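Engineer: These protein sequence lines are chains A and B, in that order. Everything in the first sequence is counted per full-length UniProt numbering, starting at 1 for the first residue and increasing by one. Everything in the second sequence is counted per full-length UniProt numbering, starting at 1 for the first residue and increasing by one.
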Amino acid sequence: MAKRRGEVAASYAVDANSGVGEAAFSRGPARLLTADGDRHDGRQLHECRLNFLKTGAVSSAAGSAYAEIGQTKVIVSVFGPRESHKAEAFSGIGRLNCNVQYASFATSVRGKANQGAEEKEFPVLLHKALEGAVMLHTFPKTTVDIFALILQSGGGDLPAVISCASMALADAGIAMYDLVSAVSTGYVGKEVLLDTTLEEEKCSDGEMMVTFMASRNEITQLKITGQWPDATMREALSVSLDACAKLANVMRECLKEELAGVDEDE
Amino acid sequence: MGAISAAEVSYIEGGIAQNLRSDGRGRLDFRNIAITTGVIPQANGSSRCKVGGTDVMVSVKAELGNPPKGRPSHGGMQIKVECSPTANPEFEGRGGEELSLELTRGLERSFLGGPNGSGAAIDLSTLRIVDGKTCWVLCIDGLVLSSDGNLLDALSIAVKAALRNTGLPKVEVVAGGAEDEDPEIEVDDEESSQLDVSNAPVIITLTKVGKSYFVDATAEEESHMRSAVSVAVNRKGVVCGVTKRGGEGLEPSTIIDMISVAQQIALTYIPALDLQIAAAESVDPDS
């Protein structure tokens with residue numbers, strides 16, 4: 001297989017509503033925004049972090065993908081379809097078995113990340129984000145295993161896992177209606193911060209995670225935490241959907257390049 | 001929540017499409033809600049909420065603890081929901097775990113506010129005692145006694161009622177002004193102060209079947225639900241948390257519409273609930 005094909009590094013900015021005056025920024029806490037109204041990593045409010053995506057990261061898996069989104073690094077392997085366990089009831093449609101874990105070195109405090117209720121919910125949310133996108137009827141009575149490992153936690157861990165998992169599923173040749181891309185958004189004062197980092201996640205007034213099938217125009221999963229004024233919520237939602245659509249394009253591009261590489265080799 | 005036949009599914013769907021459900025309700029009608037408060041004498045506050053055949057109980061215990069990291073002037077809140085096997089044999093052992101987790105996270109998203117603690121159901125700074133050292137931690141424990149659908153909504157009502165029922169004992173800081181000393185705190189159980197719960201949200205779950213959505217689904221109606229959106233709204237109509245349930249995708253415009261329908265319902269639903277909670281409080285001999 002061709003080396004370094006199918007690797008896409010891209011940065012993309014969402015068309016920010018340019019009417020935001022400088023005065024608006026003074027209200028946001030100085031911790032998250034610089035005097036110019038930019039974020040500490042130099043991004044604008046509605047700008048995603050740099051990302052790097054690659055499929056075929058694990059050779060023994062049916063399909064796999066590796067994703068770097070800013071400081072967040074995740075790897076997802078897909079195995080199967082395999083026969084469902086005997087203990088499970090008969091099912092005319094396929095099952096997804098999801099597992100999300102933090103590497104013990106993924107966070108600044110060793111091995112603490114796997115314990116909270118929030119992290120325990122990750123596999124459930126991954127499952128819910130993907131089950132609407134996978135054509136489960138194409139593999140009845142069988143199970144597809146999705147194992148995700150977060151190598152480095154840098155904010156937006158779950159969205160990174162979800163986007164990466166849908167690429168891994170595509171790499172494994174599991175039939176899907178559409179790729180699922182995900183992004184998390186926060187807000188401070190009146191400003192919506194797209195694709196939040198760990199630091200921004202901790203300090204924001206509220207957070208939102210959207211997982212989206214861009215071509216089908218369907219939200220597969222949505223979770224909103226904290227109090228959101230109506231206008232802010234709508235703005236965050238539309239900015240998130242836009243970012244998801246653009247991320248989906250990058251993901252699709254990456255898969256295509258990988259395939260083109262395979263064809264040339266044969 | 002066993003499987004139901006295709007005929008039953010089409011019966012339920014047809015009823016919802018015609019705005020007349022099998023128990024005679026319209027799409028936006030709730031079942032009877034019964035609230036009692038002060039049901040657990042050992043707790044600082046408690047309540048029991050019945051919504052039709054669904055029966056849940058919530059206790060609030062106030063404990064002295066440490067303020068959350070990075071927020072020295074805030075108190076803490078913890079939420080945990082348990083599903084008892086008395087409600088449904090499926091909840092035995094690990095069976096109830098996934099549901100417990102879903103309910104716990106659903107309540108956490110709605111009542112604990114954003115990551116920096118703003119927008120929580122009660123102003124967390126009212127729980128402070130000694131900045132950076134000691135504060136009240138409210139341990140909110142929910143228990144599902146009987147399950148006939150719409151558990152999250154029932155639990156949110158019970159949490160709100162239990163918080164309103166909660167009396168925080170009066171505390172006095174006796175010693176420990178110095179930096180590295182642990183403060184000594186005297187708790188006076190005789191006198192207590194009430195919490196301000198006017199901002200506490202209530203969760204309204206809209207279940208989508210076909211093209212229409214409806215509130216307060218029974219277990220039967222939930223059993224073939226494909227997608228639902230749980231929206232937490234406070235009495236000002238501000239959204240305090242959203243959880244999408246079920247795996248089927250929804251169009252963004254549908255979700256926005258569902259959220260605004262929930263906000264509309266909340267404008268009449270929450271004042272009515274507040275009245276009911278106040279009525280329950282007035283018959284409670286403890287308060």
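A virtual CB, placed ideally from N, CA and C, is assigned to each residue, including glycine. From a predicted model like this one, the values you see are computed outputs, not experimental measurements.
1) Consult DSSP for residue 209 (chain A) and reduce its assignment to one of helix, strand or coil.
2) For the putative contact between residue 289 (chain B) and residue 233 (chain B), defined by C-beta atoms under 8 Å, what is the C-beta separation to the nearest angstrom?
3) Taking the Cβ atom as the reference point for each residue, do residue 226 (chain A) and residue 240 (chain B) lie within a distance shorter than 8 Å?
4) What number of angstroms, rounded off, separates the C-alpha of residue 203 (chain B) from the C-alpha of residue 265 (chain B)?
5) Looking at the secondary structure, which residues open and close the beta strand (DSSP E) in which residue 142 (chain A) lies?
6) For residue 75 (chain A), decide whether its Cβ has a neighbour in chain B, counting only Cβ atoms nearer than 8 Å.
7) May I ask you to verify whether the segment 145–162 of chain A touches the segment 121–134 of chain B, counting CB pairs closer than 8 Å and requiring at least 3?
8) Between the segment 176–189 of chain A and the segment 97–112 of chain A, can you find at least three pairs of beta-carbon atoms closer than 8 Å?
9) Where does residue 6 (chain B) land, buried or exposed, given buried means 16+ other C-beta within 10 angstroms?
10) Please report the distance separating the alpha-carbon of residue 353 (chain B) from that of residue 124 (chain A).
11) Within the continuous beta strand (DSSP E) that includes residue 186 (chain B), where are the two ends?
12) Starting from the Cα of residue 146 (chain A), find the closest Cα among A:136, A:71, A:50 and A:168 and give me that residue.
13) Quick one: what's got a C-beta closer than 7 Å to residue 4 (chain B)'s C-beta in the same chain, skipping five residues either side?
14) Could you tell me which chain B residues have their CB closer than 9 Å to the CB of residue 117 (chain A), listed as they occur along the chain?
15) Looking only at its own chain, which residues have a Cβ that is under 6 Å from the Cβ of residue 278 (chain B), when we skip the five neighbours before and after it?
16) Check the C-beta distance from residue 32 (chain A) over to residue 252 (chain B) and give it rounded, since I have them as a contact under 8 Å.
17) Take every Cβ of the segment 91–103 of chain B, pair it with every Cβ of the segment 189–208 of chain A, and state whether three or more of those distances are shorter than 8 Å.
18) Based on DSSP bridge pairs, tell me the residues matched to residue 172 (chain B).
19) Check the Cβ-Cβ distances between residue 116 (chain B) and every residue of chain E, and say whether any is below 8 Å.
20) Return the chain-ordered list of same chain residues with a C-beta closer than 8 Å to the C-beta of residue 113 (chain B), the five sequence neighbours on each side being excluded.
21) So which residues on chain B does residue 176 (chain A) lean against when the C-beta distance must stay under 7 Å?
22) List, in chain order, every chain B residue whose beta-carbon is nearer than 8 Å to that of residue 157 (chain A).
23) Residue 269 (chain B): buried (16+ other C-beta within 10 angstroms of its C-beta) or exposed?
24) Taking the DSSP output, what are the residues bridged to residue 167 (chain B)?
25) Could you work out which residues of chain B lie near residue 233 (chain A), taking near to mean beta carbons separated by less than 7 Å?
26) Consult DSSP for residue 58 (chain B) and reduce its assignment to one of helix, strand or coil.
27) Measuring only the C-alpha atoms, how far is residue 63 (chain A) from residue 223 (chain A)?
28) Kindly identify the DSSP beta-bridge partner or partners of residue 204 (chain B).
29) So which of B:228, B:60 and B:248 has the shortest CA-CA distance to residue 212 (chain A)?
30) Looking at C-beta atoms only, is the number of pairs between the segment 134–144 of chain A and the segment 86–93 of chain A that lie closer than 8 Å three or more?
31) Please decide whether residue 249 (chain A) counts as near chain B, where near means a Cβ-Cβ distance under 8 Å.
32) Take residue 22 (chain A) and list the residues in its own chain whose beta-carbon comes closer than 7 Å to its own, dropping the five residues that flank it on each side.
33) Check residue 272 (chain B) in the structure and name its three-state DSSP category.
34) If you draw a straight line from the alpha carbon of residue 248 (chain A) to that of residue 163 (chain A), how long is it in whole angstroms?
35) With DSSP run on the structure shown, which of helix, strand or coil describes residue 141 (chain B)?
36) With DSSP collapsed to three states, give me the class of residue 14 (chain B).
Structural biologist: Quick answer:
1) In this structure, residue 209 (chain A) counts as strand in the three-state DSSP scheme.
2) In the structure as shown, chain B begins at 1 and stops at 287. Residue 289 (chain B) is therefore absent and cannot be evaluated.
3) Contact: yes.
4) The C-alpha of residue 265 (chain B) is placed about 11 Å away from the C-alpha of residue 203 (chain B).
5) From DSSP, the beta strand (DSSP E) with residue 142 (chain A) extends over 142–152.
6) Not closer than 8 Å to any Cβ of chain B, the Cβ of residue 75 (chain A) fails to qualify, so no.
7) Inter-segment contact for the segment 145–162 of chain A and the segment 121–134 of chain B is absent: fewer than three beta-carbon pairs are separated by less than 8 Å.
8) No contact exists between the segment 97–112 of chain A and the segment 176–189 of chain A.
9) Counting Cβ neighbours within 10 Å, residue 6 (chain B) comes out exposed, since fewer than 16 surround it.
10) Nothing can be reported for residue 353 (chain B), as the shown portion of chain B is limited to 1 through 287.
11) Residues 184–194.
12) Scanning A:136, A:71, A:50 and A:168 for the CA closest to the CA of residue 146 (chain A) turns up A:168.
13) Correct list, in chain order: 220, 223 and 224.
14) Simply 79, 80, 101, 104, 105 and 108.
15) Answer for residue 278 (chain B): no residue qualifies.
16) Not a contact, Cβ separation roughly 27 Å.
17) Using a C-beta cut-off of 8 Å, the segment 91–103 of chain B makes no contact with the segment 189–208 of chain A, since fewer than three inter-stretch Cβ pairs fall below that distance.
18) DSSP lists B:186 as partners of residue 172 (chain B).
19) In the structure shown, chain E cannot be found, because the protein chains are A and B.
20) Short of 8 Å from the beta carbon of residue 113 (chain B), and not among the five residues preceding or following it, lie these beta carbons of its own chain, in chain order: 119, 120, 121, 124 and 240.
21) What residue 176 (chain A) touches in chain B: nothing, since even the nearest Cβ is about 12 Å away.
22) Taking a Cβ-Cβ threshold of 8 Å, none of the residues of chain B is close to residue 157 (chain A); the smallest such distance is about 14 Å.
23) Buried: at least 16 other Cβ atoms inside 10 Å.
24) Per DSSP, the beta-bridge partners of residue 167 (chain B) are B:194.
25) Within chain B, the residues near residue 233 (chain A) are 239.
26) The three-state reading of DSSP puts residue 58 (chain B) in strand, counting E and B together.
27) The alpha-carbon atoms of residue 63 (chain A) and residue 223 (chain A) are separated by roughly 28 Å.
28) Answer is B:231.
29) Of B:228, B:60 and B:248, the residue nearest in Cα terms is B:248.
30) As far as the Cβ criterion goes, the segment 134–144 of chain A touches the segment 86–93 of chain A, which means the pair count is three or higher.
31) So no, residue 249 (chain A) is outside the interface.
32) Its pLDDT being 34, under 50, residue 22 (chain A) is placed unreliably by the model, and the measurement read from it follows with that caveat. These residues qualify, in order along the chain: 37.
33) The answer is helix: DSSP assigns residue 272 (chain B) an H, G or I state.
34) Residue 248 (chain A) and residue 163 (chain A): Cα-Cα distance of roughly 8 Å.
35) In the three-state scheme derived from DSSP, where H, G and I count as helix and E and B as strand, residue 141 (chain B) is classed as strand.
36) Helix, per DSSP.
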